[in-house]
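Peer 1: With mature numbering (1 follows the signal peptide of the UniProt record, and there is no 0) applied, the sequence shown covers -24 to -1, 1 to 191.
Heads up, the beta-carbon is just placed ideally off N, CA and C, and yes, glycines get one too.
Source: prediction; values computed, not measured.
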Amino acid sequence: MTGHWKAAILFCLVGAPLAQSAQAQVVTTGPDSARVSTPAVADTTRRTERLFGLHVTRPAKAAMLSALVPGAGQIYNRKYWKLPLVYGVLGTALTVEFFYQSRFKEFREAKAARNDNDPLTIDTGPLSSTIEDNATIDRGLIIYRRNRDKWIAFSAVAYAIGVVDALVDAHLRDFDVSDDLSLHWEPTMLYMPTAQPTAGINFSLNLKSTSRSTK
């Protein structure tokens, strides 16, 4: 397995599916209490935050902040310890993508310089100028373009994971930790288009009841 697909699997594991179903907060009291059904809170009453003059919910604000500025949603949720992860993963993906883009541009200009039939045009690339074989230039152009496109996709995945993480964290802040809150996990297989399936973990977070207890 190549290093590129290892990185892709890492992104998949970081962004493992998180299924959640929650309609109302749950409060647990003593064993002699009676359970009374409580309707779900309307979305309009949950829009307690403001962003650009709009009334939004806390999860929506966290997601939009993270979409505008990576890491801003984590700061809003006060999950400062996640900032090194957000910037580390996204920064690494963008740095590698920039490297392959620079090499692709160098080899593209080298190919153009060698095919313009002008003796005054020379290849000045730091790497391509050391290569005499035009076929090697063509192969390098293909390789760097393919790797650049892969890391553009990885960067997009890293960006999306940051937004989803901020959204989920904001939702979890409103959850009441009770007996009705359950976390399940099970092994699963990650299927890649051009690689062998690999093992992963699927997490599921469920709020099983929408009732509260009263004396």
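Buried or exposed, going by whether 16 or more other CB atoms sit within 10 Å of the CB of VAL45?
Peer 2: Walking along the sequence shown from the start, residue 45 turns up at place 69. The residue is exposed, with fewer than 16 neighbouring Cβ atoms inside 10 Å.
Peer 1: Does the separation of the CB atoms of ARG122 and PHE80 fall below 7 angstroms?
Peer 2: As a first step, residue 122 is located in the sequence shown; it is residue number 146 there, counting from the start. As a first step, residue 80 is located in the sequence shown; it is residue number 104 there, counting from the start. No, the pair does not count as a contact, with Cβ atoms beyond the cut-off.
Peer 1: Would ILE113 be called buried (16 or more neighbouring beta carbons within 10 Å of its own) or exposed?
Peer 2: Locating residue 113 in the sequence shown gives position 137, where the first residue counts as 1. Result: buried.
Peer 1: Given a threshold of 16 other Cβ atoms within 10 Å of its Cβ, counted over all protein chains shown, does MET40 qualify as buried or as exposed?
Peer 2: Residue mapping note: residue 40 aligns to position 64 of the sequence shown, counting from 1. Label assigned to MET40: buried.
Peer 1: Taking the alpha carbon of ILE119 as the point to measure from, which residue in GLU82, ARG26, ARG34, ARG90 has its own alpha carbon closest?
Peer 2: Within the sequence shown, residue 119 is the residue found at index 143, counting from 1. Minimum Cα distance to ILE119 is reached at GLU82.
Peer 1: Going by DSSP in three states, GLN177 sits in which element: helix, strand or coil?
Peer 2: The residue labelled residue 177 in the question sits at position 201 within the sequence shown. The question names Gln, but residue 177 in the sequence shown is Ile. In the structure shown, ILE177 falls within a strand segment according to DSSP collapsed to helix, strand and coil.
Peer 1: Would you report the Cα separation of GLY101 and PHE74, rounded to the nearest angstrom?
Peer 2: Locating residue 101 in the sequence shown gives position 125, counting from the first residue. Locating residue 74 in the sequence shown gives position 98, counting from the first residue. One Cα belongs to GLY101, the other to PHE74, and the distance between them is close to 16 angstroms.
Peer 1: With DSSP as the reference, label residue 201 as helix, strand or coil.
Peer 2: Beyond the ends of the chain as shown, which are -24 and 191, falls residue 201; an answer cannot be given.
Peer 1: Where in the segment 61 to 126 do unbroken runs of the beta strand (DSSP E), each at least 3 residues long, occur, reported from the N-terminal end onward?
Peer 2: none
Peer 1: Measure how close the beta-carbons of LEU143 and ALA38 come, nearest whole angstrom, since I'm counting them as under 8 angstroms.
Peer 2: For the purposes of this step, residue 143 is taken as the residue at position 167 of the sequence shown. For the purposes of this step, residue 38 is taken as the residue at position 62 of the sequence shown. Between LEU143 and ALA38, the beta carbon gap of about 6 angstroms places them in contact (Cβ cut-off 8 angstroms).
Peer 1: My output table needs one value for ARG149: the three-state DSSP class, helix, strand or coil.
Peer 2: Along the sequence shown, one-based indexing puts residue 149 at 173. Reduced to three states, the DSSP call for ARG149 is coil.
Peer 1: When DSSP labels each residue in this structure, what does residue 195 get in the three-state scheme?
Peer 2: There is no way to answer for residue 195, as the model of the chain reaches only from -24 to 191.
Peer 1: Would you check if the distance between the CB atom of ALA69 and the CB atom of ALA134 is smaller than 7 angstroms?
Peer 2: As a working note, residue 69 is residue 93 in the sequence shown. As a working note, residue 134 is residue 158 in the sequence shown. Their beta carbons are under 7 angstroms apart, which means ALA69 touches ALA134 by this criterion.
Peer 1: In this structure, how does DSSP classify VAL32 when only helix, strand and coil are distinguished?
Peer 2: Taking the sequence shown and counting its residues from 1, one reaches residue 32 at position 56. Note: VAL32 maps to strand in three-state DSSP.
Peer 1: Is the beta carbon of ASP109 closer than 7 angstroms to that of ASN53?
Peer 2: By one-based count along the sequence shown, residue 53 stands at place 77. By one-based count along the sequence shown, residue 109 stands at place 133. Not a contact, by the Cβ cut-off of 7 angstroms.
Peer 1: Count the other C-beta atoms from every protein chain shown that fall within 10 angstroms of the C-beta of TRP127, then say buried if there are 16 or more, exposed otherwise.
Peer 2: For the purposes of this step, residue 127 is taken as the residue at position 151 of the sequence shown. Result: buried.
Peer 1: Would you decide whether LEU66 is buried or exposed? Buried here means 16 or more other CB atoms lie within 10 Å of its CB.
Peer 2: Within the sequence shown, the letter at position 90 stands for residue 66. Buried is the call here.
Peer 1: With DSSP as the reference, identify every bridge partner of MET165, one or two as the case may be.
Peer 2: Looking up residue 165 in the sequence shown gives position 189. According to DSSP, MET165 bridges with ALA175.
Peer 1: Among the residues of its own chain, which have a CB less than 7 angstroms from the CB of ARG124, if the five just before and after it don't count?
Peer 2: In the sequence shown, the residue the question calls residue 124 occupies position 148. Only GLU73, TYR76, GLN77, PHE80 meet the Cβ criterion.
Peer 1: Could you give the distance in angstroms between the alpha-carbon of GLU25 and the alpha-carbon of VAL32?
Peer 2: Working through the sequence shown from its first residue, we reach residue 25 at position 49. Working through the sequence shown from its first residue, we reach residue 32 at position 56. Taking the straight line from one Cα to the other gives about 5 angstroms.
Peer 1: Return the residue from the list ALA48, PRO95, PHE28, ALA111 that minimises the CA-CA distance to VAL139.
Peer 2: Here residue 139 refers to the residue found at position 163 when the sequence shown is read from its first residue. Nearest of ALA48, PRO95, PHE28, ALA111 to VAL139, Cα basis: ALA48.
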